[in-house]
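The structure appears below as structure tokens.
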Amino acid sequence: MARNSDVEHSIELRAPTNRDSGTPSKATFSNDAYELARVGKKEVLKRRFGLTSTVGFACSLMLTWEAVIMNIGLGLTNGGPAGLVYGFLGVWAGIISVFISMGELASMMPSAGGQYHWVSILAPRSARKFLSHVTGMCSVCIIAWTAAPTAAIYLAASVLQSTIAMNIPSYDPKGWHITLIMWAILLVCTVLNTWLGMILPVIEVLILLVHVLGFFAVLVPLVYLGPKADPRSIFTVSFDYGGWGDLTLATFIGLKGTVAAFVGTDGAVHMAEEVANSSRVVPRSMLLALMINGATGFAILIAFLFTAGDLLKIVESSASYPFMYMLASSTGSKGAAVVLSSMMAILQACAGLAGISSGSRMLWSFSREQAIPGWRWVRQVNQRTLVPFHSTLVVVVAAGLLSLINIGSAVVLNIILSLVLEAFFASYMISLTLLLYRRLRGDLTEPGQGGGVLNWGPFRVKGWLGTANNIFAIAYSIIMMFFGCWPPENHPAPKNINYSIVIFAGVTLISIIYYVGWARKHYQGPLAEL
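Here the sequence shown stands for residues 1 to 530, numbered as in the UniProt record's numbering.
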């Protein structure tokens with residue numbers, strides 16, 4: 001019997017040999033149907049995405065250079081300029097490692113379910129149902145893909161509020177103002193994701209274009225108009241204004257904003273059933289997006305640090321977003337700072353749009369496995385647009401409820417970012433650990449051998465290098481999970497405590513109780529539809 005015979009719902013099919021990565025063709029769609037059938041699923045959604053639009057989708061989820069600027073205050077407070085520079089390079093290298101291994105999984109099993117589906121197939125039979133369900137419930141569906149678009153939309157709303165405050169000194173900003181702006185953005189995202197869902201690939205290409213052009217629109221004025229700092233003040237100076245008493249610890253805590261600027265890359269995974277030639281395009285698009293976003297993010301970080309002026313003054317200021325005043329100082333124009341900040345806020349709203357798209361597909365996929373309450377309603381697909389309408393509404397409503405935290409907490413962004421990091425990296429860690437388990441056992445066969453599920457896809461890293469990368473990616477994920485739940489300062493006041501670990505633990509506990517009480521008897525893992 002073949003090594004992968006312990007995997008349930010394995011389906012023997014013959015694949016077409018045409019694997020053209022260019023314009024979608026009939027042969028490409030036949031190949032996609034085969035890849036999906038191998039994991040027991042039939043095609044329901046329309047494949048509208050190609051390589052460029054998928055890269056645009058992944059880039060718009062990360063928006064690294066924009067997020068690096070917006071979150072720069074956390075890194076300056078904990079780690080300073082040197083911590084930001086060297087930390088960025090370390091984070092970039094680590095996240096590339098993670099998504100090389102994630103790309104291998106996406107190439108093997110290109111399903112909208114992503115992590116929970118992979119876990120169900122890779123885990124030992126005795127733990128398969130439990131690990132898959134918990135991964136889907138707490139690590140991906142309920143937390144990660146609710147918190148991620150909420151974080152992006154919160155950034156958009158709060159930056160827009162800050163631009164108003166910069167222009168109108170008499171304006172008294174309130175937390176509930178941000179919540180209302182977030183709800184308005186969520187309404188627009190809902191329309192674009194449902195009734196106008198058929199033009200989403202075009203929108204993502206346009207966002208990619210604005211993302212790249214906007215980078216130059218910010219970089220050029222900074223480089224040519226801003227003051228120039230001494231390189232030693234950037235590459236050798238570290239801060240510990242969080243009061244941790246150790247620069248290394250402070251730097252790791254300050255990396256949260258940088259790590260968050262790369263999270264969401266796996267959104268392309270959850271769009272796999274709408275991507276032509278997905279077993280090749282999805283891994284490539286994630287790595288291309290990481291290259292584009294990493295390069296632009298690092299360039300803008302260096303430019304900002306060199307032209308920002310007195311960094312100590314920025315750290316000690318009470319501004320919610322010091323980058324706006326850094327822009328005004330660098331360009332010598334408050335109007336230019338407002339225009340550039342507004343552009344970045346709009347792009348963050350676009351990240352929320354992509355996050356809702358990805359989260360709704362993940363939830364739709366999980367509901368078709370009968371894994372959540374109300375699965376019959378959630379899994380319904382609009383027959384006109386071929387978009388999972390009800391799951392989109394669920395993600396939007398959940399994000400709207402999560403935005404209420406903003407009214408009662410002074411550190412809402414830190415809480416949401418922490419939730420994002422903990423949930424995403426927990427799902428990465430579980431998936432990659434099981435990939436390593438199968439790798440070391442020798443259970444994974446060459447592409448096309450036997451037609452089972454445990455076959456490598458066209459994207460993989462062979463031999464000991466792939467194993468070493470897999471191990472490093474797991475270690476990196478654990479470290480990011482650990483530091484993701486720390487508060488921005490030592491001995492915080494009660495209103496500044498990071499409650500993300502409480503929320504994450506609470507949802508995990510509820511998920512386990514739900515599994516033991518109901519899902520254990522009904523959830524069978526990914527169901528074979530063929």
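We put the CB at the ideal spot given by N, CA and C, even for glycine.
{"Query": "In or out: glycine 506 buried (at least 16 other Cβ within 10 Å) or exposed?", "Result": "exposed"}
{"Query": "So is valine 119 buried or exposed if we call it buried at 16+ other beta carbons inside 10 Å?", "Result": "buried"}
{"Query": "With H, G and I counted as helix, E and B as strand and the rest as coil, what does DSSP make of threonine 508?", "Result": "helix"}
{"Query": "From Ser431, Ser53, Ile302, Pro173, pick the residue whose C-alpha is nearest to that of serine 233; which is it?", "Result": "Ile302"}
{"Query": "Please check the pair alanine 345 and alanine 156, which I expect to be a contact at CB under 8 Å, by giving their CB distance rounded to whole angstroms.", "Result": "5 Å"}
{"Query": "Tell me whether the beta-carbon of leucine 63 lies closer than 8 Å to the beta-carbon of histidine 211.", "Result": "yes"}
{"Query": "Going by C-alpha distance, which of Thr194, Pro221, Gln161 is nearest threonine 179?", "Result": "Gln161"}
{"Query": "CB-CB under 6 Å to residue 547, same chain, minus the five flanking residues each way: which ones, in chain order?", "Result": "The question about residue 547 has no answer, for the chain in this structure spans 1 to 530."}
{"Query": "Counting beta carbon pairs with one atom in the region 89-107 and one in the region 307-315, are three or more of them shorter than 8 Å?", "Result": "no"}
{"Query": "Since I believe threonine 331 is in contact with proline 227 (beta carbons under 8 Å), could you give me their beta-carbon distance rounded to a whole number of angstroms?", "Result": "Not really, about 11 Å apart at Cβ, beyond 8 Å."}
{"Query": "In whole angstroms, what separates the C-alpha of cysteine 189 from that of valine 55?", "Result": "20 Å"}
{"Query": "Look at tyrosine 428 and valine 98 and say whether their C-beta atoms are less than 8 Å apart.", "Result": "yes"}
{"Query": "Pick helix, strand or coil for asparagine 167, following the three-state DSSP scheme.", "Result": "helix"}
{"Query": "What are the partner residues of valine 275, as DSSP defines its beta bridges?", "Result": "Phe49"}
{"Query": "Could you pull out every residue in the same chain whose Cβ sits closer than 6 Å to the Cβ of tryptophan 486, ignoring the five residues on either side in sequence?", "Result": "Ile253"}
{"Query": "Enumerate in chain order the residues of its own chain whose CB-to-CB distance from isoleucine 478 is below 7 Å, with the five nearest sequence positions on each side excluded.", "Result": "Met429"}
{"Query": "On a CA-only basis, which of Gly242, Pro373, Leu196 is nearest proline 492? Give me that one, please.", "Result": "Gly242"}
{"Query": "Count Cβ pairs between the region 362-372 and the region 391-408 that sit closer than 8 Å; are there 3 or more?", "Result": "yes"}
{"Query": "Expressed to the nearest angstrom, what Euclidean distance is found between the alpha-carbon atoms of aspartate 230 and threonine 296?", "Result": "22 Å"}
{"Query": "On a Cα-Cα basis, can you pick out the residue from Ser511, Leu402, Ser132, Thr146 that is closest to glycine 264?", "Result": "Thr146"}
{"Query": "Taking a contact to mean a Cβ-Cβ separation below 8 Å, would you say asparagine 414 touches tryptophan 65 in this structure?", "Result": "no"}
{"Query": "Look up aspartate 240 in the DSSP assignment and say whether it is helix, strand or coil.", "Result": "strand"}
{"Query": "Let me check one thing: in DSSP terms, what residues is isoleucine 445 bridge-paired to?", "Result": "The sequence as given places threonine at residue 445; isoleucine does not occur at that position. The partner list for threonine 445 (beta bridge, DSSP) reads Asn455."}
{"Query": "Along the chain, where does the alpha helix (DSSP H) containing isoleucine 372 start, and where does it finish?", "Result": "Isoleucine 372 -> no alpha helix (DSSP H), and no H or E assigned at all."}
{"Query": "Which whole-angstrom value is the C-beta distance of alanine 399 and proline 149, which I expect to be below 8 Å?", "Result": "5 Å"}
{"Query": "Could you check whether the region 31-47 touches the region 321-330, counting it as contact only if at least three pairs of C-beta atoms, one from each stretch, sit closer than 8 Å?", "Result": "no"}
{"Query": "Which term fits serine 49, buried or exposed, when burial requires 16 or more other beta carbons within 10 angstroms of its beta carbon?", "Result": "Per the sequence shown, residue 49 should be read as phenylalanine rather than serine. Under this definition phenylalanine 49 is a buried residue."}
{"Query": "Does DSSP put asparagine 78 in a helix, a strand or coil?", "Result": "strand"}
{"Query": "Between the alpha carbons of cysteine 138 and tryptophan 375, how many angstroms are there, rounded?", "Result": "16 Å"}
{"Query": "Under the rule that 16 or more other beta-carbon atoms within 10 Å means buried, what is valine 281, buried or exposed?", "Result": "buried"}
{"Query": "Tryptophan 65 lies in the alpha helix (DSSP H); which residues open and close that run?", "Result": "64-70"}
{"Query": "Looking at C-alpha atoms only, which residue of Arg441, Asn455, Cys59, Leu417 is the closest neighbour of valine 259?", "Result": "Leu417"}
{"Query": "Compute the beta-carbon to beta-carbon distance between histidine 117 and valine 39, rounded to the nearest angstrom, for a pair I have assumed lies under 8 Å.", "Result": "7 Å"}
{"Query": "Just the C-alpha distance for glutamate 489 and tryptophan 244, rounded to the nearest angstrom, thanks.", "Result": "7 Å"}
{"Query": "Just how far apart, CA to CA, sit glycine 517 and lysine 42?", "Result": "30 Å"}
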